[in-house]
Amino acid sequence: MPETDRHSILICTIAAWMGSAGLGDAANTDQQKFDQIEKGRYLATVADCFACHTVPDVGKPYAGARAIETPFGVITSSNITPDADTGIGAWSDEQFVDAVRRGVRPDGSRLYPAMPFPSYTRMSREDVLAIRAYLTTIEPVHQPVKSNTLPFPFNIREAMRAWDALYFTEGEFQADKRQSETWNRGAYLVQGAGHCGACHTPKSFLGGDKISEGLRGSPLQGWFAPDITGDTGEGLGRWSEGDIVSYLKTGHNRITAATGPMAEEVADSTSRYNDDDLKAIATYLKSLPQRADQAATPQPESSPVMRAGQAIYRDQCSACHGLDGNGIAMLFPSLAKSSLVHASDPTSAIRLVLRGGRSVATPAEPTAPGMPSFAWQLNDEQVAAVLTYVRNAWLTTGTPVAASTVSANRNQLRARSD
Amino acid sequence: MPRKLPKKDVVIIGLGWTGSIMANELTDEGLDVIAIERGPWRDAPTQFPPNYVQDELRYRIRHELFLRPDQLTFTFRNKMDQTALPIRDWGSFMPPNGVGGGGVHWNAETWRFLPSDFVLRSHLTERYGASFLPEDMTIQDWGVTYDDLEPHYDAFEYLCGTSGTAGNLRGRIQDGGNPFEGPRSRPYPTPAQKQPFSHTLFAKAARDLGYKPFPQPSGNLSQAYVNPLGLRLGPCTYCGFCEWFGCGNYSKASPQTTILPLLLRKSNFSGRDQSEVIRIDLDRSRSHATGVTFVDTGGVEWEQPADLVILSAYTMFNVQLLLHSGIGAPYDPTANKGVIGRNFTHQTISSVNGFFDNKKFNFNPFIASGAIGMCIDEFNGDNFDHGPHGFVGGGYVGQVQTGGRPIQTTHVPPGTPKWGAAWKNAVRDNYLSTVTPGTGVHGSFYSYRDVYLDLDPTYKDRLGRPLMRMTIDFHDNELKQNAFLTDKFAEIIQAMGAHTVDKLYRKGPYDATEYQTTHLNGGAIMGTDPSTSAINRYLQSWDVPNLFVMGASAFPQNSGYNPTGTVAALAYWAAAAIRGQYLKNPGPLVHA
C-alpha cells in the first residue's frame, strides 16, 4: 500500500509541475499553499465539478467528455485537468475566473449555461481561485474534447451574448445583514457553488432561470427535480432541518431517499459537505416562503379512480410503503410526505413506477434499497389511478394524474437509456 | 494451461452466507479478498422484487433459484451394494447456486444447537453407556463447545436482526422462551414475530399439555432493524413466500440484505460470478494451497493464486471439491479409514396434518413467514430421557406452517379421492381450516458408517470429472425417533381441536425425490483427531493448513435444528481464529 501511495504522489507532483504553462507566472497560484488547495478541494466537491467533468467509471477524473443533456441538445463537458494542450493547464488564473464566474472562455467566446456560471458568479473570486489551485494539483489527462455538439441554431455560441443579456446577472453573493451568518452561508452555498437552482429552478423556453420561481421545481433528464423551498405542499415545509441534513449527508431520511440524478449528486457531492454547511443549507431552504398559488382540490375518496388506485396501492405498494403511506424511515420512502409524489409535475413519480429506481448508497447509509419496475404489470390507466390515489390519500391533495400523461412518459422513457 | 490472474491474499469459493461473512471479516483485517461464485450475481431489488417473486410455479415447482442438474449433479443409492444413478431433478434437497447461496431462499429459521449437541458422543456415553448406541453409529464430539460458539451465534443473530424470545439469559430461564436452549449473553435483537391463529392455537394446546411453547427464532423480522454494519432491514409483511423465494421487502436476513451492500463498497474486495471453481491447487508438497482454478461460462480456465483459500460452498460441493483436488484421504467405509466423505447426514423430517371444522376454524394459512411458528423443545437432543425409548436424538416439533401457497397447499383428509370433483370440493372445504406444518417434526440425523460420500465409478460431469455419489438411508434409530416425535406432535394437533389427524411418518428407505430440507451435512467434518475428521476445531484442513472449510460439511452429525445459525457461528469462529491466530503465524492452529 505505501508503495502505491508514494507512486501516485510522485506522479501528481511531476504532473502539476509539467502542466503549469507560463513558467514562473507570478500571478498564478503557489502550490505550496496547502490551505488554499485544501479549501479548493472542498469547494470543488461542493460545486460538484466532478459530476459533469468526468465520465463515470473510466478512471479519468475531471478529464471531461461527459455528455450533458440539455433541453437544446447534448453538450460535452470540457477537460479541466492541468493538461496544457487539452485541459486548463495553460490558462491563467484570470482566464479561469472569467470562465467560472462570467461564462467567458479564454478566446472571448461564451460558455453555454450547462456550465452553471449564472450560479458560480455568486462565488467569491477567492473561492474560485482556491478551486483553481486544487485543480492544478490533480493528474493531467491528455484528452481533447469537442464540447459544442448542439444542433443548429444553438451551436452558434455568439447567440449566447443575447442569452447572457436576458438571463445572466453577474455579481458576487451579497450577504443579507438582517439574516444570521448561518442563513447567509446557506444562501451562498445554494445560490453559488452548490448551484441547486441549475436543476431545481423552473426554466424559461430558452433555458434561463425564472428568478421569481427560484427552487420551485423543474423537469430535467426525464425526471422532475422537486420544489426545495419551505413550501408545505410541494416543498420541504414539513421536513425538519435535521431531515434536510440527513438527506444530503446520507441520501436518506425518515421521509424519502435520493434517487436518479440526485443520487449521483449526493454520492459525489453533498455527502462530502461538512455538517455546518449542510445545516446552513437547511436553514436557508426552510426560510424560502410558501407558494402563493392555490393547493389542488382534493379528490373525493369515493371516486372510481381513487377506489381503483387504493386497490392497486394495497396490492402492489403497501408491502413496503405501508397501508398508512408512511413507509419505513430511512428504508422505504413515505409516499404520504414525499415531495416527488406530491410535486405539481408528476414526471418523477411516473418514472419511478414505470422504471423503478435505486436509492443512493453512502458510507452512512450503505443499504441503497431499490424499487422494482411496474411498467410490465400496470397499464397507463392503472399507473394514473394509483398515483392519483397516493397524491390524494392520507389527507394530502394533488392534481390527478392522467392516463395520457403516463402514456407520454412511457413513450419517452422507452427512448431513454439512463 | 489456465490463464493466471494476479495473486490475492484470500480467495473465497462460493459467495453465500459463510463466504460473505468471511469476506467481510477478512477485508476488515485489511486483506485483499476475491470471491468466486459459480452462479449469477443476485441483488435483492433487482432479482427478487416483491412484485413478481411470489410465483410458486416459477420458484418452487420449477426451482428457479437452484443449480441446474445439467451443470452438476450427484448419483444416489441407499445401500453400498446398489448401483447409484444420477439425480436428474432435485428432490429431497435443493442445491443453491448464485450469490447469496442458500441465504437467498432459506426460511430464516435461526436456531442454536444445544450445548450437549457439541459433545454428543461423550454426553450420550456418559448418560446411557456406550452400549446404548447402535454399533455402526459414528457420532463424534465436535471439538468445539457451545460456550466457544456463543459469541459467534450472537454475532450472527445481531447481523440478521433475528426476532425471538430468549429462553435462557446468562443462565436465567426466561418466560416465553425456549427453556432448553444454552445460555445466551443477551436477548434477541428484535422481539419475536407476531403469530397467526393456528400457530397461537398450537401454543395454547401445547401449554395445556404441560409443554413450554415458544416462538421459533426468525430471520424474517418483526420490526425494522439496522445491523452493526449499518445495513437496514424492514419488517416482514407475512406474505408467505420465503422458502424457495428471495425477499425483495428487505425483511428476510440474507447476504444481500445484511452484508453485501457494505462489502461491495470495500476497495479490497472483488467478486466474480458465473465462474465455477474446479480445483484447489496445491504445491508439490501437497500440503500448501497455491490458489484455485476456475472455469468461466466460455469454458476458459483461469488460475487465481492466493495465500489463503476459504472453501465456503454448499456441503456437497465442499466435499466434492476436496475429493477432486486430492485433499485429505477419501473415506473408505469398508476399511473404516479416510476422512473425506465420512459422516454424511441429512435431517429426519415428518409432519402431521390436522383437519378442522371449517365452520368453526378459519386459519387464513397464507398469513405467514418462513420462520414463523410456535415450537416445543421437550423432545429435542437429549432434553428427555431416552432410556425407555431405545433410540437417541430428537428434534423440535411445532406449528411452523410457512404459508398457504396455492399449488402445494391442497391438503385433504385421508381417504379423499386424488382427483375429480370430490377432490376439488375437499380442497375448497379444507384450505382455510387445515393445519399443515410442513417440517413440523424437525428431527436429528445421526451419522453411520455406511452413510457417506465418494466419487462415482461410472458417471461423469460435463468437464469429465466423476460425479459424487451419495450413499444414504435411514437407520432404525432415526425411524424410531421419528415415530415417537410424530406421535407426540399429533397429540398436540389433536388437542387443538382437529377432527382428523393425518400422521405422515418418515419411513425408509431414504427417498431422493421427496423434499425434506436442504440440510445436508458432514463429509468434511471437524474434530480433534485427523484420522476421523477432515478439519480441526477451527475448520482448518488438517492436510492443507492454508485451507479453511466452512459450512455444514463440518457437522459430525446433524442435530434436531435448522443448521444456518450454527453454520454462521462456525464461520465467525473460524474468522476469529484466522484474524487472531493464523495471520500472525500461518500454519496449523492445532497440532495433532
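The listed protein sequences correspond, in order, to chains A and B.
Quick note: the first sequence uses our numbering, first residue 1, plus one each step.
Quick note: the second sequence uses our numbering, first residue 1001, plus one each step.
Backbone N, C-alpha and C fix where the C-beta goes; we use that ideal spot for every residue, glycine too.
Predicted, not measured: the structure shown is a model, and the values here were computed from it.
query                                                                                                                                                                       : result
What do you get for D107(A), buried or exposed, if any count of 16 or more other CB atoms within 10 angstroms of its CB means buried?                                       : exposed
Would you call N1318(B) buried or exposed, if buried means 16 or more other Cβ atoms sit within 10 Å of its Cβ?                                                             : buried
For chain B, check one thing: does any of its Cβ atoms lie closer than 8 Å to the Cβ of G24(A)?                                                                             : In this predicted model, G24(A) has a pLDDT of only 47, less than 50, meaning its place in the structure is not dependable; the value taken from the coordinates is given anyway. It does not; no Cβ of chain B falls within 8 Å.
Taking only beta-carbon atoms, is R358(A) less than 8 Å away from chain B?                                                                                                  : yes
Could you check the C-alpha separation between V55(A) and A67(A) for me, to the nearest Å?                                                                                  : 8 Å
Could you run through the segment 1254-1287 of chain B and flag, in chain order, every residue whose CB is less than 9 Å away from some CB of chain A?                      : T1257, P1261, L1262, L1264, R1265
Buried or exposed, going by whether 16 or more other CB atoms sit within 10 Å of the CB of K1004(B)?                                                                        : exposed
Is there a Cβ from chain B that is less than 8 Å from the Cβ of A361(A)?                                                                                                    : yes
Taking Cβ positions, are M1550(B) and S1312(B) nearer each other than 8 Å?                                                                                                  : yes
In angstroms with no decimal places, state the Cα-to-Cα distance between R1405(B) and F1366(B).                                                                             : 7 Å
Would you call the CB atoms of L1308(B) and D1028(B) closer than 8 Å?                                                                                                       : no
Along the chain, where does the beta strand (DSSP E) containing W1302(B) start, and where does it finish?                                                                   : 1301-1311
Kindly say whether L1026(B), judged by its beta-carbon, lies nearer than 8 Å to any beta-carbon of chain A.                                                                 : no
Tell me which residues of the segment 321-352 of chain A have at least one Cβ-Cβ distance to chain B shorter than 8 Å, keeping chain order.                                 : I328, A329, M330, L331, F332
What did DSSP end up calling Y1225(B) once you bin it into helix, strand or coil?                                                                                           : strand
Can you name the residues of chain B whose CB is closer than 8 Å to the CB of A319(A)?                                                                                      : P1050, T1237, C1239, N1249
Taking 8 Å as the threshold (C-beta atoms), are P153(A) and A159(A) in contact?                                                                                             : yes
If you drop the 5 nearest sequence neighbours on each side, which residues of the same chain put their C-beta closer than 7 Å to that of L23(A)?                            : Because L23(A) carries a pLDDT of 48, less than 50, the predicted location of this residue cannot be relied on, and no value is offered for it.
Using C-beta distances below 7 Å, list every residue in its chain close to L1485(B), excluding the 5 sequence neighbours before and after it, in chain order.               : F1379, G1394, G1395, V1397, V1441, G1443
Return yes when the Cβ of Y1448(B) is within less than 8 Å of the Cβ of T1162(B), no when it is not.                                                                        : no
Please list, in chain order, the chain C residues whose beta carbon lies closer than 7 Å to that of P1406(B).                                                               : In the structure shown, chain C cannot be found, because the protein chains are A and B.
Tell me the rounded alpha-carbon separation between F1113(B) and A1554(B).                                                                                                  : 14 Å
Mind checking G1171(B): buried by the 16 CB within 10 Å criterion, or exposed?                                                                                              : exposed
When burial is assigned at 16 or more other CB atoms within 10 Å of the CB, is S1433(B) buried or exposed?                                                                  : buried
Looking at chain A, which residues of the segment 1206-1233 of chain B have a Cβ within less than 7 Å of any of its Cβ atoms?                                               : A1224, G1230, L1231, R1232
Rounded to the nearest angstrom, what separates L1589(B) and D1529(B) at their Cα positions?                                                                                : 13 Å
Can you name the residues of chain B whose CB is closer than 9 Å to the CB of F72(A)?                                                                                       : What F72(A) touches in chain B: nothing, since even the nearest Cβ is about 34 Å away.
So, is the C-beta of A267(A) closer than 8 Å to a C-beta in chain B?                                                                                                        : no
If contact means a Cβ-Cβ distance below 7 Å, which residues of the segment 1052-1084 of chain B contact chain A?                                                            : none
Just to confirm, are W419(A) and T283(A) a CB contact at a threshold of 8 Å?                                                                                                : This structure does not reach residue 419(A), given that chain A is present from 1 up to 418, and the question cannot be answered.
State the Cα-Cα distance for the pair F1156(B) and W1041(B), rounded to the nearest angstrom.                                                                               : 23 Å
Can you list, in chain order, the residues of its chain with a C-beta nearer than 8 Å to that of S1092(B)? Leave out the 5 residues immediately preceding and following it. : H1346, Y1510, D1511, A1512, T1513, E1514, Y1515, Q1516
Hey, out of Y1052(B), H1123(B), I1021(B), whose CA is closest to D1382(B)'s CA?                                                                                             : H1123(B)
Just to confirm the assignment, what range does the beta strand (DSSP E) spanning R1342(B) have?                                                                            : 1342-1345
Among V383(A), V104(A), P369(A), which has the Cα closest to the Cα of A375(A)?                                                                                             : V383(A)
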